[in-house]
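Below is one structure, written out as structure tokens, with a few remarks after it.
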Amino acid sequence: MRPQERLALPRTTMRCKRRGRKSPWRYKKVVCTIVDINNKEKTVDAKKTLAELKEKIDPELNAYFSRVIAENEKIDKNVGNAIRYARDITMSGGKRARAAFMYFGYMAAGGKEVEEIIKTSISIEFIHSFLLMHDDIIDRDEIRHGVKTIHVRYGELAKKHFKKKDPEHFGNSMGIIIGDMMGALGNQVLFESKFPSELIIKALHKIQNIVTLTVIGESEDVFIENRGQATEEEILRMYENKTAKYTIEGPLHLGAILAGSEGELMKILSAYAIPVGIAFQIQDDILGVFGQINKIGKPVGSDVRQGKQTILVVKALEKADKMEKAILQKCLGKKDLSQHELEEFRNIIISTGSLEYAKELATTLIAKGKKKLEKSDIDPEAKEFLLGIADHMLNRDI
Numbered sequence: 007m008r009p010q011e012r013l014a015l016p017r018t019t020m021r022c023k024r025r026g027r028k029s030p031w032r033y034k035k036v037v038c039t040i041v042d043i044n045n046k047e048k049t050v051d052a053k054k055t056l057a058e059l060k061e062k063i064d065p066e067l068n069a070y071f072s073r074v075i076a077e078n079e080k081i082d083k084n085v086g087n088a089i090r091y092a093r094d095i096t097m098s099g100g101k102r103a104r105a106a107f108m109y110f111g112y113m114a115a116g117g118k119e120v121e122e123i124i125k126t127s128i129s130i131e132f133i134h135s136f137l138l139m140h141d142d143i144i145d146r147d148e149i150r151h152g153v154k155t156i157h158v159r160y161g162e163l164a165k166k167h168f169k170k171k172d173p174e175h176f177g178n179s180m181g182i183i184i185g186d187m188m189g190a191l192g193n194q195v196l197f198e199s200k201f202p203s204e205l206i207i208k209a210l211h212k213i214q215n216i217v218t219l220t221v222i223g224e225s226e227d228v229f230i231e232n233r234g235q236a237t238e239e240e241i242l243r244m245y246e247n248k249t250a251k252y253t254i255e256g257p258l259h260l261g262a263i264l265a266g267s268e269g270e271l272m273k274i275l276s277a278y279a280i281p282v283g284i285a286f287q288i289q290d291d292i293l294g295v296f297g298q299i300n301k302i303g304k305p306v307g308s309d310v311r312q313g314k315q316t317i318l319v320v321k322a323l324e325k326a327d328k329m330e331k332a333i334l335q336k337c338l339g340k341k342d343l344s345q346h347e348l349e350e351f352r353n354i355i356i357s358t359g360s361l362e363y364a365k366e367l368a369t370t371l372i373a374k375g376k377k378k379l380e381k382s383d384i385d386p387e388a389k390e391f392l393l394g395i396a397d398h399m400l401n402r403d404i
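Here it is as structure tokens:
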């Protein structure tokens, strides 16, 4: 990688094309793209680095799964098969971004054991799988990385083999059980690492903190969804707990801890990670409504069908007129939402200015996160990646 070059804050422009005017809203459809003028090259470099790291992390992850499958199927064949399916889901997609953040947190702190941190970084990927499996049950998601979620897969098996029982309950039970197993494996990877014992204990303590805060964020999400309303402040606080702390801040801190760092560096990493992590979730919300199933790996509009209160929804409800608000509320939580209804929902998100607001907010948050990092004297390679990947968070389509 090239030595770090000082980056300017992102200059962005919104390019929009309007199509048709037969809709009762301001316009039928708008295609919007945020174009980052200054940092396009850095974003490409960060994406390349992430892909290169994934190529190193995936074999470690796959090998660990294989070992665990072999050990557990000697005890119980059904558990071995369930872990094998968990491996299929995990290895079918994912960018290994959390493992990459753990790696670069280690590098930012001056860590030298490169091979060991790559091996140990799979810990956070197991924690990620654990949280996703439970989240998929909560959200009733049926697809993950283009593959049937574990609770759906085992629900189908129950219909075939246990016809007199409740297949959905069986599927959910297996999803919870194997999710718990993934969490245990995340801890086990750290226990088995070759880092000093005192650092492993600190890292394990951090993982428990990450999981606790994520559970708090998940709880906030569930309460908000069932209440059916939220303020922007509540949504952003939930994003911080549910996403930013376990996607970016937690992994960065884990890596830094294993390099023996604490204090000021942790503050710098947090000042970067929290706003960038919230921006990541905002972009995730946008992709959940406007993305493509072949890229995001799950049905587009699933958040709408679930009735999720996102920043897009909160802002649209705030700005919508009476008719638009009625349509939004009709669509939210509708399990059999049609493609036409999803298009109506999208149109209102656009016409009320909610989409543009969300993108501008994400842009502001990315700039805020980068500002503190740019002034720091952390490892140049880590800094270059973190600055570049922040811009990628804003412009990603997966």
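Residues 7 to 404, numbered by my numbering, are exactly what the sequence shown covers, in order. All C-beta atoms, glycine included, are put in the ideal place defined by N, C-alpha and C. Computed from a predicted model, the values in this text were never measured in an experiment.
Backbone secondary structure at residue i - three-state DSSP
i, result
"Arg-73", "helix"
"Ile-95", "helix"
"Lys-154", "strand"
"Ile-384", "coil"
"Ile-81", "coil"
"Glu-131", "helix"
"Cys-38", "Here Cys-38 scores only 39 on pLDDT, less than 50, and its place in the model should not be relied on; the value that follows carries that caveat. Residue state, collapsed to three classes: strand."
"Tyr-33", "Because Tyr-33 sits at a pLDDT of 32, beneath the cut-off of 50, its placement in the model cannot be relied upon, and the point is left open."
CA-to-CA distance, residue j to residue i, given in whole angstroms
i, j, result
"Ile-241", "Ile-317", "7 Å"
"Asp-42", "Lys-374", "Caution is warranted here: a pLDDT of 46 is assigned to Asp-42, below 50, making its placement in the model unreliable, and no coordinate value can be reported."
"Phe-229", "Ile-222", "11 Å"
"Glu-11", "Glu-270", "For Glu-11, the pLDDT reaches just 34, beneath the cut-off of 50, and the residue's location in the model is therefore unreliable, leaving the point undetermined."
"Phe-176", "Val-85", "14 Å"
"Gly-234", "Val-319", "11 Å"
"Leu-264", "Arg-146", "36 Å"
"Leu-210", "Ala-190", "11 Å"
"Asp-397", "Ala-52", "9 Å"
"Ile-149", "Pro-305", "7 Å"
"Glu-122", "Lys-101", "20 Å"
"Gln-287", "Glu-390", "22 Å"
"Asp-142", "Ile-274", "33 Å"
"Gly-261", "Ala-57", "19 Å"
"Leu-371", "Lys-378", "12 Å"
"Asn-78", "Glu-198", "17 Å"
"Glu-255", "Lys-331", "36 Å"
"His-259", "Met-329", "47 Å"
"Tyr-109", "Ser-276", "16 Å"
"Lys-336", "Ile-292", "19 Å"
"Ile-206", "Gly-117", "14 Å"
"Ser-72", "Phe-132", "14 Å"
"Thr-253", "Tyr-70", "22 Å"
"Arg-402", "Lys-301", "10 Å"
"Gln-289", "Ala-250", "12 Å"
8 Å contact criterion, which residue i and residue j should meet: CB distance rounded
i, j, result
"Gly-111", "Pro-257", "6 Å"
"Leu-367", "Glu-380", "The Cβ separation is near 20 Å, so there is no contact."
"Met-97", "Asn-68", "6 Å"
"Gly-405", "Tyr-160", "In the structure as shown, the chain starts at 7 and stops at 404, and residue 405 therefore has no counterpart that could be examined."
"Ile-75", "Ile-89", "5 Å"
"Ile-144", "Glu-224", "7 Å"
"Gln-315", "Glu-239", "Actually they do not touch by this definition, with Cβ atoms about 12 Å apart."
Proximity test, residue i beta-carbon vs the ligand COA heavy atom, cut-off 7 Å
i, result
"Ile-182", "No copy of the ligand COA occurs in the structure displayed, which carries no ligand at all."
Counting Cβ pairs, one atom from each stretch, are 3 or more of them under 8 Å apart for the stretch 383 to 394 and the stretch 339 to 357? Because the criterion of three Cβ pairs below 8 Å is not met, the stretch 383 to 394 and the stretch 339 to 357 do not touch.
With a cut-off of 8 Å, do at least 3 Cβ pairs link the stretch 152 to 164 to the stretch 59 to 77? Too few Cβ pairs lie closer than 8 Å, so no.
Closer than 8 Å is the cut-off here; do at least three beta carbon pairs connect the stretch 348 to 363 with the stretch 285 to 303? With a cut-off of 8 Å, the stretch 285 to 303 and the stretch 348 to 363 count as touching, because enough Cβ pairs lie within range.
Using 8 Å as the cut-off, can you tell me whether the stretch 97 to 113 makes contact with the stretch 126 to 139, which would need three or more C-beta pairs spanning the two stretches below that distance? As far as the Cβ criterion goes, the stretch 97 to 113 touches the stretch 126 to 139, which means the pair count is three or higher.
Could you tell me whether the stretch 278 to 290 touches the stretch 324 to 332, using the rule of 3 or more Cβ pairs below 8 Å? No: fewer than three Cβ pairs fall under 8 Å.
Complete runs of the beta strand (DSSP E) confined to the stretch 179 to 264 [at least 3 residues]: Complete beta strand (DSSP E) runs here, min 3: none at all.
Just to confirm the assignment: which complete alpha helix (DSSP H) runs, minimum length 4, are found wholly within the stretch 291 to 341? Complete alpha helix (DSSP H) runs here, min 4: 299 to 302, 308 to 312, 317 to 325, 328 to 337.
Three CB pairs or more closer than 8 Å across the stretch 164 to 179 and the stretch 206 to 217: By the Cβ rule, the stretch 164 to 179 does not count as touching the stretch 206 to 217, because fewer than three pairs are nearer than 8 Å.
Would you call the stretch 135 to 155 and the stretch 177 to 192 touching, i.e. three or more CB-CB distances under 8 Å? Verdict: yes, contact present.
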